[in-house]
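Protein chains in written order, with my numbering: chain A, 1 to 114; chain B, 115 to 227.
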């Protein structure tokens, strides 16, 4: 158990809908990262927050947004969902931003868009 | 575009065999190389972070080496056990203010009893 929690574990929804994925980092970690694992793709970086502020964006679609709250939990909002958004979404946390910092991964949310 | 390549894609070994996998990454602007172990239905588990050329890390029967000049890392498993069956991921972070991990697609290891 990495200490990172994500809810829900599974989500089934329809095209055009909007969902919110939630992540609570390990106690004491200020950085939260979101990754997407699609079929046949490696883990792809989406976005990074540190202490409530966005620090870096990766291949995140405009239909997706995220935020980190004062209690450091983070939410990833996915809207106007398409079939291709079906994937496993991970969040990871680390103590602080740093290329040598270990990122600890949560169990993931498996999203299925029908 | 950063490419992190892992080989082989999959590997079947017998219990007790020793094995190794390769991760290649850009040698320029290197900062750190991470190895993760990912079992089905679980979260990726951090194994090692290496930052210096020539680094060697060990955790039980698993060890890793790093060559930043030529851009590769090896992960070794000595005396494989069925519980070592998992996907082994490597990830690269480059210098600069972006702390994202760029992952390879992993090596799927199956250890047969």
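We put the beta carbon where it would ideally sit given N, CA and C, even for glycine.
Relative to residue 63(A), the option among 78(A), 83(A), 19(A) whose CA is nearest is 78(A). At least 8 Å separates the CB of residue 224(B) from every CB of chain A. In the three-state scheme derived from DSSP, where H, G and I count as helix and E and B as strand, residue 82(A) is classed as coil.
By DSSP's assignment, residue 69(A) forms no beta bridge with any residue. For residue 44(A), the enclosing beta strand (DSSP E) begins and ends at 44-50. In terms of CA proximity to residue 164(B), 206(B) leads the group 118(B), 226(B), 206(B). Shown here, residue 159(B) sits in a strand according to DSSP, grouped into three states. 160, 163, 165: these are the residues of the region 160-186 of chain B whose beta carbon lies less than 8 Å from some beta carbon of chain A, given in chain order. Proximity of residue 193(B) to chain A, defined by a Cβ-Cβ separation below 8 Å, is not satisfied. From the listed residues 85(A), 53(A), 90(A), the smallest Cα separation to residue 72(A) is found for 53(A). Under a criterion of Cβ atoms nearer than 9 Å, no residue of chain B is adjacent to residue 17(A); the nearest Cβ is some 25 Å distant. Using a CB distance below 8 Å, the part of the region 143-156 of chain B facing chain A consists of 145, 146, 148, 150, 156, ordered along the chain. In chain order, 157, 158, 159, 160 make up the part of chain B whose C-beta sits under 9 Å from the C-beta of residue 2(A).
One finds 42, 43 in chain A with Cβ atoms closer than 7 Å to the Cβ of residue 217(B), taken in chain order. Using beta-carbon distances, residue 67(A) does not count as an interface residue toward chain B, since no partner is under 8 Å.
Just measuring C-alpha positions, the residue of 44(A), 86(A), 103(A) sitting nearest residue 59(A) is 44(A). Residue 203(B) sits close to residue 152(B), with the two beta carbons spaced by under 8 Å. Classified as exposed, residue 154(B) has fewer than 16 neighbouring CB atoms from the shown chains inside 10 Å of its CB. Distances from the CA of residue 195(B) to each of 167(B), 129(B), 142(B) were compared; the closest alpha carbon is that of 129(B).
Contacts with chain B (Cβ-Cβ distance below 8 Å) from the region 95-107 of chain A involve 97, 98, 99, 100, 101, 102, 103, 104, 105, 106, 107, listed in chain order.
Between residue 74(A) and residue 49(A), the C-beta gap is smaller than 8 Å, which places the two residues in contact.
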